[in-house]
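Asker:
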Amino acid sequence: MTSDFSNTYRVVLSALKLGYRHIDAAQLYHNEAEVGRAVRDPGIPHEEIFVPSKLFISDWGYQKTLATTKASNDKLGLGYIDLYLLHTPGDKATRAETWRALEEPHELDILNGIGVFNFSGAHIDKLTKTAMIKPCVNQIEVHPWLSRPEVIKYCKNYDIFIEAYSPLVKGMKFSDPILVEITNEVNISPAQVTVSFSLSNDFTPLPKSAHAQREKENFEAINIHFSPFQLAKFTVLDDYFVTDWMLQELLFLEQAIPPLEFERGSVESGFDPGASQTSSVRSSSSNFSVAEKLLVFVCSFRGLSCGIWSRSVLLKDGVQVGSMLPYFQKAIAAGYGILVMNPNMNTQLMVSSDGTVEKMPIRGSSNADEHCDHVWRNYIFPSAAHKVHFIAYGYGGVLVTQLIAKYRYELKSRLGNVAFIESSHKIDPSWNSGFKRFFSQHSISWARSDFPLNMELSRDSTAFASSGGPSGAATTASSDDAFSATSPSSRSPKSPSALQLTGVVPRVNCA
């Protein structure tokens, strides 16, 4: 289990008293020292407790890895680390030497085991070509709505154990009719069902909670067993529902819409993944409200988690290809604040007292337009950013176009560049020539843009914007009332210094 670092000591002590013996830590979570103190203080022998930690990508590289491994061991203060994971597949250029640096303390019994986090089978294949020791664990997000059969089959074939993070799906699926049906049959809570699902599949679930009663409830799931008929019901739930990758990879914040009294993931604010919440979210970097330049990502297609180009590609090829992560990383390195809209989460299934399931609209996010409007008024407009840039994908291009048109006067001096990727937006015939010109001046071709979208660009008389849709089909138009539409990869940058970013967006149906 993991917890907010400010309350780690209390939460870990509570869990140990209940009988938990697997306490998950990480360098990125800044909780190693508090986890170690909480594990040492009760006097339970280390041999009876399993305490893994993780090495984040910022400390990859042979020498840095050796130093950080020693620092993690010192902070935990337990003499050795039971399991040390590479936190994300990270940079392939330094992955092999980083793993080699983990093998040395493993041989010296400083690291009892070494493993990986969020790795696909392909990532592990490449790693083992140069590794002396194969990973013993792969920690991935897996639950009934994200079954991951390919990577799980791969890991089982090579005796790599699966640890399941986010087994509670942040409570987002607790009103699923099939889940409700199972909870009623077994007379247990939705959280217990999802934890028991992991145990039934021989995964180690890592549920998160800040409350003793929820911790106790999750722990009692070890005594729950499903019938074959009930297990069969889980097989129809998988819909590639990814919940946690942005928080895990970049420690992003999530703000509930409508605003609640807590931030998701915050122990102090009282959010508990074991409790169902009727809300949508927007995700952001920790500096988004104070950064002088802001980059807003707007995704496409209903059902996609925000920040993901394609769920199937993300799961097959990893977050560097299937998600917006590479652009987040570059933008953060360049000092940008990031905000990711989630316009597709508009309703939630709620179960009434009589067992009736109803689809309820989410206030402030009942449709995509309302979501974008709410995020603009409550987050983007009040931010400190002097320049606001947008990257819009697919239907997200329609939303951004409407947003700019609606708030043209507020954006007049703040709008930076807007990149449209396989966008389905159109120019509204009712726009006057002045606004068309304003919109055209700020719209750039993804294929010829440098990143993060504030470089001086070579422009034609008409701005270029991708307009093909997910298949990549392109049409052209050259009048003043339309953009010249082109697939992002069909034109090369005119500027020799431009960074070619195309080819990263998967050319697949992203539904």
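For the sequence shown, counting from 1, position 206 maps to 204 in this note's numbering; every step adds exactly one.
Heads up, the beta-carbon is just placed ideally off N, CA and C, and yes, glycines get one too.
1) Roughly how many angstroms lie between the CA atoms of Met432 and Gln439, to the nearest whole one?
2) What did DSSP end up calling Lys54 once you bin it into helix, strand or coil?
3) Check the C-beta distance from Gly414 over to Lys434 and give it rounded, since I have them as a contact under 8 Å.
4) Determine the direct distance from the alpha carbon of Glu218 to that of Val193, and round the result to whole angstroms.
5) Taking buried to mean at least 16 other C-beta atoms within 10 Å of its own C-beta, is Phe227 buried or exposed?
6) I think Ile442 touches Ala417, with their Cβ atoms under 8 Å apart; what is that distance to the nearest whole Å?
7) Could you give the distance in angstroms between the alpha-carbon of Phe115 and the alpha-carbon of Tyr156?
8) Report the partner residues of Glu137 according to the DSSP bridge assignment.
9) Tell me which residue opens and which closes the alpha helix (DSSP H) that Phe227 is part of.
10) At what residues does the alpha helix (DSSP H) containing His85 begin and finish?
11) Quick check on Gly320: does DSSP put it in helix, strand or coil?
12) If you follow the alpha helix (DSSP H) that Leu14 is part of, which residue opens it and which one closes it?
13) Taking the beta strand (DSSP E) that Lys291 falls in, what are its first and last residues?
14) Kindly indicate which three-state DSSP category Ile378 falls into: helix, strand or coil?
15) When we look at the beta-carbon of Asp174 and count the other beta-carbons within 10 Å, is it buried (16 or more) or exposed?
16) Is Asn415 helix, strand or coil by DSSP?
17) Here's the rule: buried if 16 or more other CB atoms are within 10 angstroms of the residue's CB, otherwise exposed. What is Thr473?
18) Going along the chain, which residues of its own chain have a beta-carbon closer than 6 Å to the beta-carbon of Gln327, five neighbours each way excluded?
19) Suppose you measure from the CA of Asp478 to the CA of Gly335; what does that come to, to the nearest Å?
20) Exposed or buried, which one is Met170 when buried takes at least 16 other CB atoms within 10 Å?
21) Bridge partners for Tyr391 per DSSP, in chain order?
22) Relative to the C-alpha of Lys27, which candidate in Gly362, Pro40 and Leu53 has its C-alpha closest?
23) Taking 8 Å as the threshold, find out whether the stretch 220 to 234 comes into contact with the stretch 190 to 205 through three or more Cβ pairs.
24) Would you mind stating whether Gly119 and Pro133 have Cβ atoms separated by less than 7 Å?
25) Establish whether the CB of Ala36 and some CB of chain B are separated by less than 7 Å.
26) Between the alpha carbons of Tyr407 and Pro341, how many angstroms are there, rounded?
27) For His104, collect the residues of the same chain with a Cβ closer than 7 Å to its Cβ; drop the 5 residues on either side in sequence, then sort them by chain order.
28) Assuming Pro92 is part of the alpha helix (DSSP H), what are its boundary residues?
29) Thinking C-beta only, is Val9 closer than 7 Å to Ala208?
Answerer: Result, derived from the coordinates:
1) Looking up residue 432 in the sequence shown gives position 434. Looking up residue 439 in the sequence shown gives position 441. For the sequence presented, residue 432 should be read as Gly rather than Met. Rounded to the nearest angstrom, the two C-alpha atoms are 11 Å apart.
2) Numbered from its first residue, the sequence shown carries residue 54 at position 56. Before going on, a small fix: residue 54 reads as Phe here, not Lys. Correct three-state label for Phe54: strand.
3) Counting from 1 along the sequence shown, the entry for residue 414 is found at position 416. Counting from 1 along the sequence shown, the entry for residue 434 is found at position 436. With a contact defined as Cβ atoms closer than 8 Å, Gly414 and Lys434 miss out at about 18 Å.
4) The sequence position of residue 193 within the sequence shown is 195, counting from 1. The sequence position of residue 218 within the sequence shown is 220, counting from 1. Straight through space, the alpha carbons of Glu218 and Val193 are spaced by roughly 9 Å.
5) Residue numbering aside, residue 227 sits at position 229 when the sequence shown is read from its first letter. Exposed, since its Cβ has fewer than 16 Cβ neighbours within 10 Å.
6) As a first step, residue 442 must be located in the sequence shown, where it is residue number 444. As a first step, residue 417 must be located in the sequence shown, where it is residue number 419. Correct: roughly 5 Å between the Cβ atoms.
7) Counting from 1 along the sequence shown, the entry for residue 115 is found at position 117. Counting from 1 along the sequence shown, the entry for residue 156 is found at position 158. Take the alpha-carbon of Phe115 and the one of Tyr156: they are about 16 Å apart.
8) As a first step, residue 137 is located in the sequence shown; it is residue number 139 there, counting from the start. This sequence places Gln at residue 137; Glu is not what is there. Its beta-bridge partners are Phe115 and Glu161.
9) In the sequence shown, residue 227 corresponds to position 229, counting from 1. Going by DSSP, Phe227 is part of the alpha helix (DSSP H) stretching over Pro226 to Phe232.
10) The residue labelled residue 85 in the question sits at position 87 within the sequence shown. His85 -> not in any alpha helix (DSSP H); beta strand (DSSP E) instead, spanning Leu81 to His85.
11) Reading the sequence shown from its first residue, position 322 is the one you call residue 320. In the three-state DSSP reduction, Gly320 falls in the helix class (H, G or I).
12) Reading the sequence shown from its first residue, position 16 is the one you call residue 14. Judged by DSSP secondary structure, Leu14 falls within the alpha helix (DSSP H) whose first and last residues are Thr6 to Leu16.
13) To locate residue 291, count along the sequence shown from 1; it is residue 293. Its beta strand (DSSP E) spans residues Lys291 to Val296.
14) One-based indexing of the sequence shown puts residue 378 at position 380. In this structure, Ile378 counts as helix in the three-state DSSP scheme.
15) Here residue 174 refers to the residue found at position 176 of the sequence shown. So Asp174 counts as buried.
16) One-based indexing of the sequence shown puts residue 415 at position 417. Three-state result, Asn415: strand.
17) Reading the sequence shown from its first residue, position 475 is the one you call residue 473. For Thr473, the predicted model reports a pLDDT of 25, less than 50, meaning its position is unreliable and no value from the coordinates is stated.
18) Indexing the sequence shown from 1 puts residue 327 at position 329. Cβ neighbours of Gln327 within its own chain (closer than 6 Å, five residues either side excluded): none.
19) Reading the sequence shown from its first residue, position 480 is the one you call residue 478. Reading the sequence shown from its first residue, position 337 is the one you call residue 335. Residue placement at Asp478 cannot be trusted, given a pLDDT of 29 that sits under 50; what the coordinates show is reported in the next sentence. Each residue's alpha carbon lies about 34 Å from the other.
20) Numbered from 1 along the sequence shown, position 172 holds the residue referred to as residue 170. If you draw a 10 Å sphere on the C-beta of Met170, you find 16 or more other C-beta atoms in it, and that means buried.
21) As a first step, residue 391 must be located in the sequence shown, where it is residue number 393. Under the DSSP definition of a beta bridge, Tyr391 partners with Ile419.
22) Here residue 27 refers to the residue found at position 29 when the sequence shown is read from its first residue. Residue identity check: residue 27 is Tyr in the sequence provided, not Lys. Answer by Cα proximity: Leu53.
23) The stretch 220 to 234 is in contact with the stretch 190 to 205.
24) The residue given as residue 119 occupies position 121 in the sequence shown. The residue given as residue 133 occupies position 135 in the sequence shown. No, these two residues do not count as a Cβ contact at 7 Å.
25) Looking at the structure shown, chain B is missing, and only one protein chain is on hand.
26) Translated into positions along the sequence shown, residue 407 becomes position 409. Translated into positions along the sequence shown, residue 341 becomes position 343. Each residue's CA atom was taken as its position, placing Tyr407 and Pro341 some 23 Å apart.
27) Counted from its first residue, the sequence shown places residue 104 at position 106. The beta carbon of His104 lies closer than 7 Å to those of Ile112 and Ile131 in the same chain, with the five residues before and after it left out.
28) If you number the sequence shown from 1, residue 92 lands on position 94. Strictly speaking, residue 92 in this sequence is Thr, with Pro absent from that position. Lys90 to Glu105 is the extent of the alpha helix (DSSP H) around Thr92.
29) Your numbering for residue 208 matches position 210 in the sequence shown. Your numbering for residue 9 matches position 11 in the sequence shown. Cβ atoms of Ala208 and Val9: closer than 7 Å.
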